[in-house]
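Here the structure comes first, spelled out in structure tokens, and everything after it is commentary.
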Amino acid sequence: MSIKPWREVAHPHKDVLEGTFKQSEFAADISQVHAGTAEPEYQDAEKFFARTFITEGMRLLLQSVAERLSGRGGDPVIQLQTAFGGGKTHTLLAVYHLASRQCPTEKLAGIPPILDAAGVTSLPQARVAVIDGIKFSPSLPRSHAGTTVNTLWGDLAVQLLGAEGYALLADADQAGTSPGKDVLTTLLQRAAPCVVLLDELVAYVRQLEPGKSYPGGTFDSNITFIQALTEAMKSVPNAILLASLPQSETEAAGTQGQRALDVLEKYFGRVESVWKPVAAEEAFEIVRRRLFDTVGDPAQVNATARAFGELYRQNPTKFPSETQEARYEERIAHAYPIHPEVFDRLYEDWSTLDKFQRTRGVLQYMAIVIHRLWDSRDKDPLIMPGSLPLDDALVRNKSIHYLPNGWEPVIEREMDGPRSAAADIDGHDTRFGSLQAARRVARTIFLGSAPSNAAQAVRGIRVEGILLGAVQPGQAVGTYEDVIKRLRDRLHYLYGEKDSYWFDTRPNLRREMESRKANLKDADDVMPLLRDRVGRVFTKGNHFAAIHVFVPSADVPDEFGLGPRLVVLPPNAGYRKQDESLALLAATEVLEKRGDAPRLKRNRLIFLAPDGDAVQRLRDAVRTYLAWKSIVEDVQNRRIDLGTYQADQAKRAMDGTEDGVKQMVRETYRWLMVPTEEMVRGKLALRWEAVALSASAPSVVDAIEGKLKEEEWLVSAWSPVHLNRVLNQWYFKEGVTEVSALKVWQDSCQYLYLPRLLNSDVFVQAVTVGCATRDGFGYAAGKDGDRWLGFSFGHSALVTMDADTVLISQAAAIEYQQKLDAEQRERAAQQAVPANVGSGVPGTPLPGQRPVVSKSEGTTAATAAVALPNRFFGLVEVDATTATMDFSTIVNEVIQHFAAQSGVDVTVTVEIEARTRDGFEAALQRTIKENCGVLKFRSANFEQE
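If you're matching positions, the sequence shown starts at 184 in the working numbering and goes up one per residue.
This is the structure we're talking about:
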């Protein structure tokens, strides 16, 4: 018979299945039950026994109670004393429901056989008094149906017999003195059959400071009352007292609590029987009954137990010796669907923790685990230590709730979760990954070792225990043995000694650093920091339009820009003199293409390459820094707990390695690479110039700009002589006498054989200076037919650069200038010819003739008669959306005509007015004012109309 996943066989209770259970529901409160306000599973007797597994100890206790209430013997006083969370209150509830008889005993699961064993055919209904030490205060009186009581004995009397009972000991209650054995005997006789349940008695008595008197009595009077009550119980055959006392100092809570416990144990010890309701073996059924509605088909349960038993018997040396016994197979069946090793570790190891409440703690923990495994469709045949979903936040938080601080990062990084080391091991080896072997082993070690501490002589869980908690039928044991070794070599919070392993929150610091360093990823960790630190070395205020650090070619714009672009090559493109191929390949790819498209403005790029021999040292420095940085951050965020010395050591190491990274960046990024072109066999061929930067420069930018200027690879001031030489070499040939100025500038950005100019201002300045002389080229703002507009050759001009502006060869400029000079002389000669001849008087007609005035003569006459205007004033409105184009047209068509005339002073004033109904934002105002200041506006103000 093949075994099935546990979730296909067993079925949890609805509240566990749906995750609607409350952690507090596992903590029984007898006072709430007595008051009728408890949850149904505790308040309703039938539901309570339906979910309660009656252990052997509880069976004997209930049998004794039944016998006592029926007058057939039984113990008069029973002390319940177990460890924290051992089931004391739950046992008191069982007695409460049995004695109070809220429903017929035949409806109480497990009770009829107990009554049969006691020989009780009809169990009488008993009066029940509940004294809850946590609920009562010795300083505050309490009211019961109009009766005010002060003491435990007053409360007892009212609960058993009301006002009649209180009358028996009213004086003692008001005086805070013990009523004595006889009065208590009388009270019990009148109330019998009766049950007195004392819960958390120590919590009440420890409030009574010796030597002080309270409404609830003194420490001594309360101890005397307990002594008298236990003695009185022996005198009433159908009365019984059950008291719960803590077993640990944690529950006793302090010196006074321990003193109260010692005294109470002394007096109870004289008459009572000590019952320990929960045995470890019985915990299986307790948890199973409370968490599971049904455990499924017995045949399937037995088949699963048999499969595990065979696994253990087939590998006798790999598992603990007790697994070789048939009894262990029976334990698996009894604990199904939870592996016995889970219970053993929780009850034997975790119950030693102060905050872990044995059965209650197991219930709370396993309820969360079962719910999460059910939701995740767990396929394991049993819920094993290796099944615990520590990657789930609720399970993880519940696990570390009982542990000292510092465990959460250990779980997340080492044991479980998508980014844990164990998950990484599983993900990189199919042998492990198919079984989740690394994670299963890590979870098992955690469950078996987390409660241990450094003070223990023997720590951790042995290999046989790890295999027991992780291996399932059908799986190779050797795979898990291999993964244990892999985890030992990889994890940094895992310790091993001989064949025992344990997790701790304190890693070895150097080992921790090396481990974190080895786990860093180039793409995710090293490269982002390296990109940031390389980018930091480039100071602001440099000449580059942009600096591109470790970017693909598609992210480097292909545009003219305000300056050249510096491309910083990644570490894998190192440059070596003897082997420059990696750097050249990477640089050439960016130079030739932008993504998949060809790059046009190639002469705008300059490259910085790392030294191929220093790259590995730089990577190592970055990894070391990141490793120390992560340790320091974890200490600061309290994810790991280091001593003061170790924390300071980590901080100093981080600071030192950070300085080392800065130095290594400077030493590594030292090769400046500039592309050029030269003629080889009549063809232009790409050639790379590479030079090492000076380490003595104040900054990398200073070193780069200094070397670019020194080698004339970047021109920031261009002589007109060089511009004229470029024009004559590449443009003014084969009859070409003019070329677009914009084209020359754009060509200088594209072709590597042309000079690399810093920006367009350098080109405009060279043109401005060059056209002011007649030693090189001429300039014109445009051309109309065969005439050049705004022609300048030998005098200054307002040079602009657009599609209309042209540069003119020297010969053509001289020829055109001569033509303009001839036209000027001709106009001057025409102006000197007389208006007419006849009378000898200029302009005088002959007798009998009418004056005949030609157009030119009229003009001359008018000029002679009227003085020529000597001032021009023009006003024009320009559309803001086309202002750039309109300004250029105005300059070319109007201003240039004035500027071309000698002796003409031209003044251009720009007036700008802008309005908006919503007002101008402060940021816009600040930007406009700053720009106007730079442009030397005489006035620039914002105002409100």
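Backbone N, C-alpha and C define an ideal beta-carbon position, used for all residues, glycine too.
Residue 477, enclosing alpha helix (DSSP H) - first and last residue: Bounds of any alpha helix (DSSP H) do not take in residue 477; it lies within the beta strand (DSSP E) bounded by 475-477.
8 Å Cβ cutoff met for residue 946 and residue 940: Closer than 8 Å, so yes.
Three-state secondary structure assigned by DSSP to residue 1098: In the three-state reduction of the DSSP assignment, residue 1098 falls in the coil class, being assigned neither a helical nor a strand state.
Whole-angstrom distance between residue 1062 and residue 1112, CA atom to CA atom: Using only the alpha carbons, I get a separation of about 21 Å.
Residue 374: first and last residue of the uninterrupted beta strand (DSSP E) it sits in: Premise fails: residue 374 lies in the alpha helix (DSSP H), 364-374, not in any beta strand (DSSP E).
Residue interval of the alpha helix (DSSP H) (run including residue 943): It spans 943-954 - the alpha helix (DSSP H) in which residue 943 sits, taken as one unbroken run.
Within 8 Å, strictly: CB atoms of residue 605 and residue 625: Taking 8 Å as the Cβ cut-off, residue 605 and residue 625 qualify as a contacting pair.
Span of the beta strand (DSSP E) around residue 307: Element bounds for residue 307: n/a, residue is neither H nor E.
Runs of alpha helix (DSSP H) wholly within the segment 501-565 (minimum 4 residues, chain order): The qualifying runs are 509-518, 523-531, 541-558.
Length-filtered (4 minimum) alpha helix (DSSP H) runs lying within the segment 952-1021: Secondary structure within the segment 952-1021: the alpha helix (DSSP H) runs of 4 or more consecutive residues, fully enclosed, are 993-1015 (chain order).
Residue 658 in three-state terms, based on DSSP: In the structure shown, residue 658 falls within a coil segment according to DSSP collapsed to helix, strand and coil.
Option nearest residue 468 by Cα separation, candidates 824, 233, 736, 676: Cα-wise, what sits closest to residue 468 is 233.
Residue 674, DSSP secondary structure in three states: Reduced to three states, the DSSP call for residue 674 is coil.
Beta-bridge pairing of residue 174 - partner residues as DSSP gives them: The chain is shown from 184 up to 1128; residue 174 falls before or after that span and cannot be answered.
8 Å contact criterion, which residue 405 and residue 391 should meet: CB distance rounded: Contact holds; Cβ gap of about 6 Å.
Nearest-angstrom Cα separation, counted from residue 711 out to residue 172: This structure gives no information on residue 172, because the portion of the chain shown stretches from 184 to 1128.
Backbone CA spacing between residue 954 and residue 742 [nearest angstrom]: Using only the alpha carbons, I get a separation of about 28 Å.
Residue 862 classed as buried or exposed, judged by whether at least 16 other C-beta atoms fall within 10 angstroms: Exposed is the call here.
Rounded straight-line distance, which links the Cα of residue 1110 to that of residue 1125: Distance between the alpha carbons of residue 1125 and residue 1110 is about 12 Å.
Rounded distance between the beta-carbons of residue 188 and residue 561, thought under 8 Å: With a Cβ gap of about 7 Å, residue 561 and residue 188 count as contacting.
For residue 594 and residue 845, the rounded distance between their alpha carbons: Looking at the two C-alpha atoms, the distance is approximately 34 Å.
Cβ pair count under 8 Å reaching 3, the segment 282-302 against the segment 344-359: Here the segment 282-302 does not lie against the segment 344-359, with fewer than 3 beta-carbon pairs under 8 Å apart.
Buried or exposed (CB count within 10 angstroms, at least 16 for buried), residue 785: By the 10 Å Cβ count, residue 785 comes out buried.
Distance between residue 1052 and residue 1045 (C-alpha atoms, nearest Å): Its pLDDT being 40, under 50, residue 1045 is placed unreliably by the model, and the measurement read from it follows with that caveat. Going from the Cα of residue 1045 to the Cα of residue 1052 covers about 12 Å.
For residue 242 and residue 193, the rounded distance between their alpha carbons: One alpha carbon belongs to residue 193, the other to residue 242, and they sit about 27 Å apart.
For residue 499 and residue 510, the rounded distance between their alpha carbons: Answer to the nearest angstrom: the Cα atoms are 15 Å apart.
Beta-carbon contacts of residue 339 that lie in its chain and below 7 Å, excluding the five residues immediately before and after: Counting only Cβ-Cβ distances below 7 Å, and skipping sequence neighbours, we find 312, 314, 379.
Integer Cβ distance of residue 246 from residue 300, believed to fall under 8 Å: Yes, residue 246 and residue 300 are in contact; Cβ-Cβ is about 6 Å, under 8 Å.
CA-to-CA distance, residue 255 to residue 395, given in whole angstroms: Cα to Cα, residue 395 sits roughly 43 Å from residue 255.
8 Å Cβ cutoff met for residue 651 and residue 506: Yes, they are a contact pair.
Endpoints, the alpha helix (DSSP H) within which residue 932 is located: Taken as a continuous stretch (DSSP letters only), the alpha helix (DSSP H) holding residue 932 covers 924-933.
Of the listed residues 326, 303, 754, 1083, nearest to residue 178 (C-alpha basis): Past the boundaries of the shown model lies residue 178; the chain is included only from 184 to 1128, so the question cannot be answered.
Buried versus exposed, by CB contacts within 10 Å (16 or more), residue 1081: If you draw a 10 Å sphere on the C-beta of residue 1081, you find fewer than 16 other C-beta atoms in it, and that means exposed.
Alpha-carbon spacing of residue 1118 relative to residue 734, whole angstroms: The straight-line gap from Cα to Cα measures roughly 35 Å.
For residue 341, the nearest candidate out of 335, 349, 334 (CA to CA): Per the Cα distances, 349.
Whole-Å CB distance - residue 153 paired with residue 565, under 8 Å assumed: Examination of residue 153 is not possible in this model, given that the chain is present from 184 through 1128 alone.
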